[in-house]
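> Sharing a structure here in structure tokens format.
Number of protein chains: 2
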Amino acid sequence: MLQQLRDHARETALLASIEGLLGWDEQVYLPPAGGAWRAEQLAYLAGQIHRRRTAPQLGEWLAELRESDAAADPQSDVGCCVAQLTRRYERETKLPAELVEEVARVASQSHHAWVEARTANDFAGFRPWLERTLDLQRRRAEAFGYEHSPYDALLDEYEPGATADGVGRVLGSLREELAPLVRQIVDSRVVAPSELLARSFPVDRQEEFGKLAAAAIGFDFASGRLDVTAHPFCGEAGPADVRLTTRYQEHDFGDGFYSILHEAGHGLYEQGLPDEWYGLPPGESISLGIHESQSRMWENLVGRSRGFWRRFFAPCQGVFHEALADVELDDWCFAVNASRPSLIRTESDEATYNLHIIVRYELERAMIEGDLAVADLPGAWNEAYAATVGVTPPNDSDGCLQDVHWPSGAFGYFPTYSLGNLYAAQFFDQAEADLGDLEAMFAAGEFSPLLGWLREHIHSVGQRVTASELVQRVTGQPLSHEPLMRRLRAKFGELYGFA
Amino acid sequence: MLQQLRDHARETALLASIEGLLGWDEQVYLPPAGGAWRAEQLAYLAGQIHRRRTAPQLGEWLAELRESDAAADPQSDVGCCVAQLTRRYERETKLPAELVEEVARVASQSHHAWVEARTANDFAGFRPWLERTLDLQRRRAEAFGYEHSPYDALLDEYEPGATADGVGRVLGSLREELAPLVRQIVDSRVVAPSELLARSFPVDRQEEFGKLAAAAIGFDFASGRLDVTAHPFCGEAGPADVRLTTRYQEHDFGDGFYSILHEAGHGLYEQGLPDEWYGLPPGESISLGIHESQSRMWENLVGRSRGFWRRFFAPCQGVFHEALADVELDDWCFAVNASRPSLIRTESDEATYNLHIIVRYELERAMIEGDLAVADLPGAWNEAYAATVGVTPPNDSDGCLQDVHWPSGAFGYFPTYSLGNLYAAQFFDQAEADLGDLEAMFAAGEFSPLLGWLREHIHSVGQRVTASELVQRVTGQPLSHEPLMRRLRAKFGELYGFA
């Protein structure tokens, strides 16, 4: 029975990993005219995967296994498989196959429409696609069912167990302390030397240095790649096939480099999941929030630390000699941590980032709950940005058209970014308590103690516990906004002179 | 019924195009450790495709449609569908699904083993894989069945209707006239200025110039790409997604550039097939030989012609100013047509190329017919090269390990290369008879008359006729080695001074 279940899941994983490759290729190498057929391919695969995950035979195996002693402990291999596959089975059997295929097809077409609309700053042209997408997502929420809000039903896909209200509370607490901190930064007379990052960093050398850094923190390029996309992401096409993407601009070192570290953080999680359980819950990531905790940790808590740059600034000066020969380590560390309210989430800094998320969370929840019409989105977006982030977009391309998520049908996804930041800070505190001075290790080029700790406490766990259980188990505390706020206050207080 | 058949074929085409993407990616971007999982993915897809192509329901539809009036004319849309799908159905139902999956799995693993063996010049390490592959191919031939030789059964997959003896005859006639011509070239005192191609041609500019030429002859980059591989090929992942690959060496202009023109020739055929029949016989290429006639025509009859270079030599000098500023058009035309017996098929010239094919045809036929053991292949290869091509390989990497075909299980494929050369010359004569002086058009940058002629007479035909029927229909004559030999004698006689 268990073997049949494993074989079945393995075949589903084959299809899902094929879907992963097609999705990656769509964003990296697909010829422009290839979009329509790719949408058909992806819709077909989505339908097949859905059919397999909702096969009555699978339901029967699971029902029988739930009765067995081997499945009694939900944290055991078998128990985890049965519990999580049951959860997924019950969720997916609520969706009609046609809706699943329609969602996949529209997502792919809408993605192409969004790329054009963003280039042309044409919200009106994109609006029908977003309305169609929103309608499909609301139909999904209705099919899943929910107690309080349709948003719960969507959120649960990305962060199992989380609720709209729970997320609202923790983001509310964060906002209350973060907004004053950002105001202190804005009001500070200290000016960060951000222009250092805008010197000339030739693209081929950015790639070289980025790969060097990703390999140094432990990303295995024998089982992975790094390519170029418009919107950086980490894709996966098999247990030893993890694909990072970034983008390069000659006069923006930070965008390319920190995208690499961020995606490499995701990639380290993927490469750390137990291969022998590939495609089954003990071999899968817990949630997007936990995934994001890994990317944010390597990007921000490691890659923007002084310890990291004590190790890497000299090699960086070697690679970009013309740009960096006259730069001091202190100035460089300030430059990569410069904070300023800005328009684009993916380019925003560690302090203001979560304000961008709060705006999106509120708007998408309102759209899903029917309190905000798509037609009113640009206005609502601009108002929210002025009030929460402190800037007003000059156009929709840099406003509500900036992200790939809504065009792709991902509603309920954004909060996981902030959850990731919160988890990351709380985990990092614990790692430091267990391992000692991490920055001193980074300065010595030693990243394997931290990676080993993450492998042991997080990566190897698979889906044996939920995200909130993991936080409790690893740190002895429930999730809190305080570890992150403590770090942000300390870092930015020191940099901007109000510590 | 016909609509059901079309829908069914369309889903199969979705899977086949997905297989196409995975195969392309495997050779272009797959991380080294990703090979094992990719083999599983490809085996799974091959099994699914095979199951669909042999579904009893499909057999029933076809049986019923064969009785209908609409299918009476095998050159009509419906008749072509029914006849060709029946042919494929009858062929594939003879193969057990396990054998199909095993062949796909071993092909992928064996391909990886071959890459290593070729690098390490390790025939002994690769031998078990080739034995396993040969065994599987012989089992396939037995399953298909044949009248005279198991080689017929395999050849029929690539060149439907061709037989071992028929191919043997035409290659024999070719050899009889080609061997003396090659000897005349070797004995000539004239020396080609081949060293011009070995000057410095920076790789990025080779790519730029190659894309310019491919676009100029009509390859549509909105529906296609060009990437880098060890072994150039043309892949396909959808009706508007044709992927060329090449390889570049700074000091070998010819290898990279003519690989691009060659693969672009294949790509033009793919892009010229009727989209509305994608995945069904009226929208599919006739045979590998006809496919190769297109690649060879653009590579050799167009791309090595004086007319072509009258148009492109000046831009080429512009791109490679340092290398070509002092070079005369006549010398360049001689350099790209230089002929000399050599070790590597893919680097061989237009005159000696078919001798490489004749060696492979004889050896693979002997292996399939049981007259040559894999263990004896290196010796037999080296003897045949000495006797037929006039050179002796110093090692197996440049000998019997040089090609990707046998490691991938492709036996019966090689003769289609020579058939392609023969078809190309015969078609080109006819195009010239219909259109007038083609080289004068090339010199004026006009490639669309030839492309339009190919679209009309060959590309749009799909599989409505067989290769030999097509030759008869288009040229009014059966296939002959004479058009090719006439061209070769004229070109090389003039270049090497024995015309």
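From first to last, the protein sequence lines stand for chains A and B.
This note's numbering applies: residue 20 is where the first sequence begins, and numbers increase by one.
This note's numbering applies: residue 20 is where the second sequence begins, and numbers increase by one.
Glycine included, every Cβ here is placed at the ideal spot set by N, Cα and C.
This one's a predicted model, so the numbers in the text were calculated from it and none came from an experiment.
Here's a check: name, in chain order, each residue in its chain whose Cβ is nearer than 7 Å to the Cβ of Ala354(A), leaving out the five neighbours to either side.
Cβ neighbours of Ala354(A) beyond the five flanking positions: Ala211, Pro212, Ser213, Leu215, Leu216.
> Run down chain B in chain order and give the residues with a C-beta less than 7 Å from the C-beta of Tyr267(A).
Result: empty, since nearest Cβ-Cβ is about 16 Å, beyond 7 Å.
> Let me know the secondary structure DSSP gives Arg244(A) once reduced to three states.
Looking at Arg244(A) - three-state DSSP - the assignment turns out to be strand.
> Could you check where the alpha helix (DSSP H) with Val261(B) kicks off and where it finishes?
Segment 261-265 is the beta strand (DSSP E) holding Val261(B); no alpha helix (DSSP H) there.
> Cutting at 7 Å between CB atoms, please list the residues of its own chain near Arg224(A), excluding the five before and the five after it.
Excluding residues within five positions, the ones whose Cβ falls inside 7 Å are Val338, Phe339.
> Can you check the region 444-505 of chain A for any alpha helix (DSSP H) of at least 4 residues that lies completely inside it and give the ranges in chain order?
Fully enclosed alpha helix (DSSP H) runs of 4 or longer: 457-462, 467-476, 486-494.
> Residues of chain A with CB closer than 9 Å to the CB of Phe240(B), please, in chain order.
In chain order: Pro50, Pro51.
> To the nearest whole angstrom, what separates the beta carbons of Trp425(B) and Leu149(B), a pair I think is in contact under 8 Å?
Yes, Trp425(B) and Leu149(B) are in contact; Cβ-Cβ is about 6 Å, under 8 Å.
> Gly254(A) lies in the beta strand (DSSP E); which residues open and close that run?
Run containing Gly254(A): 253-255, per the beta strand (DSSP E) assignment.
> Helix, strand or coil for Asp171(B) per DSSP?
Helix.
> Going along the chain, which residues of its own chain have a beta-carbon closer than 7 Å to the beta-carbon of Ala249(B), five neighbours each way excluded?
Cβ neighbours of Ala249(B) beyond the five flanking positions: Arg266.
> On the CB-based measure, 16 or more other CB atoms within 10 Å of its CB, does Glu83(A) come out buried or exposed?
So Glu83(A) counts as exposed.
> Given a cut-off of 8 Å, decide if Val119(A) and Ala65(A) are closer than it, judged by their beta-carbon atoms.
A contact, by the Cβ cut-off of 8 Å.
> Output, in sequence order along the chain, the residues in the region 60-89 of chain B whose CB is closer than 8 Å to any CB in chain A.
Cβ contacts with chain A: Gln60, Tyr63, Leu64.
> Here's the rule: buried if 16 or more other CB atoms are within 10 angstroms of the residue's CB, otherwise exposed. What is Ser87(B)?
Label assigned to Ser87(B): exposed.
> Between the region 24-44 of chain B and chain A, which residues of the former have CB atoms less than 7 Å from a CB of the latter, in chain order?
Cβ contacts with chain A come from Glu30, Leu33, Ser36, Ile37, Leu40, Leu41, Asp44.
> Cβ of Trp521(B) less than 8 Å from any chain A Cβ?
Any question about residue 521(B) goes unanswered here, given that chain B covers just 20 to 518.
> Are three or more beta carbon pairs between the region 289-309 of chain B and the region 28-40 of chain B nearer than 8 Å?
The answer is yes - the region 28-40 of chain B touches the region 289-309 of chain B, with three or more Cβ pairs under 8 Å.
> With a threshold of 8 Å between beta carbons, is Ala259(A) in contact with chain B?
Interface residue, yes.
> For a minimum of 4 consecutive residues, which ranges assigned as the alpha helix (DSSP H) are wholly contained in the region 163-228 of chain B?
Qualifying alpha helix (DSSP H) stretches, in chain order: 169-177, 183-206.
> Using 10 angstroms around the beta-carbon of Val408(B), count the other beta-carbons present and answer buried if the total reaches 16, otherwise exposed.
Flag for Val408(B) reads buried.
> Out of Ser427(A), Ser499(A), Leu362(A), which has the shortest C-alpha to C-alpha gap to Ser487(A)?
Closest by alpha carbon: Ser499(A).
> Does any heavy atom of the ligand NAD sit closer than 7 Å to the C-beta of Ser213(B)?
Here there are no bound small molecules, and the ligand NAD is not part of this structure.
> Using a Cβ-Cβ distance cut-off of 8 Å, determine whether Arg244(B) contacts chain A.
Yes, contact with chain A.
> Assess, as a yes-or-no matter, whether the region 233-248 of chain B is touched by the region 371-389 of chain B under the definition of 3 or more beta carbon pairs within less than 8 Å.
With a cut-off of 8 Å, the region 233-248 of chain B and the region 371-389 of chain B do not count as touching, because too few Cβ pairs lie within range.
> Expressed to the nearest angstrom, what Euclidean distance is found between the alpha-carbon atoms of Ile526(B) and Leu287(A)?
Residue 526(B) is absent from the structure shown; chain B starts at 20 and stops at 518.
> For Ala443(A), which option in Arg315(A), Glu289(A), Thr485(A), Ser127(A) has the closest C-alpha, if you only look at C-alpha atoms?
Looking at the Cα atoms, Arg315(A) is the closest of the given residues.
> Restricting to Cα atoms, I'd like to know which of Gly273(B), Arg244(B), Gly191(B) is closest to Thr264(B).
Measuring from the Cα of Thr264(B), the nearest candidate turns out to be Arg244(B).
> Can you check whether the CB of Arg157(B) is closer than 8 Å to the CB of Pro147(B)?
No; because the gap between Cβ atoms is not below 8 Å, this pair is not in contact.
> Could you say if the region 133-141 of chain B and the region 410-426 of chain B meet the contact criterion of at least three C-beta pairs nearer than 8 Å?
Yes, the region 133-141 of chain B touches the region 410-426 of chain B.
> Alpha carbon to alpha carbon, how far is Glu227(B) from Leu362(A)? Give it in angstroms, no decimals.
One C-alpha to the other measures close to 36 Å.
> What number of angstroms, rounded off, separates the C-alpha of Gln528(B) from the C-alpha of Gly308(A)?
Nothing about residue 528(B) can be read from this structure; chain B reaches only from 20 to 518.
> Along the chain, where does the alpha helix (DSSP H) that runs through Ile309(B) open and close?
Per DSSP, Ile309(B) belongs to the alpha helix (DSSP H) from 307-315.
> Which complete alpha helix (DSSP H) runs does the region 35-114 of chain A hold, if anything under 4 residues is left out?
Here the runs fully enclosed are 54-72, 75-85, 96-111.
> Where does Asp395(B) sit, in a helix, a strand or coil, going by DSSP?
The answer is helix: DSSP assigns Asp395(B) an H, G or I state.
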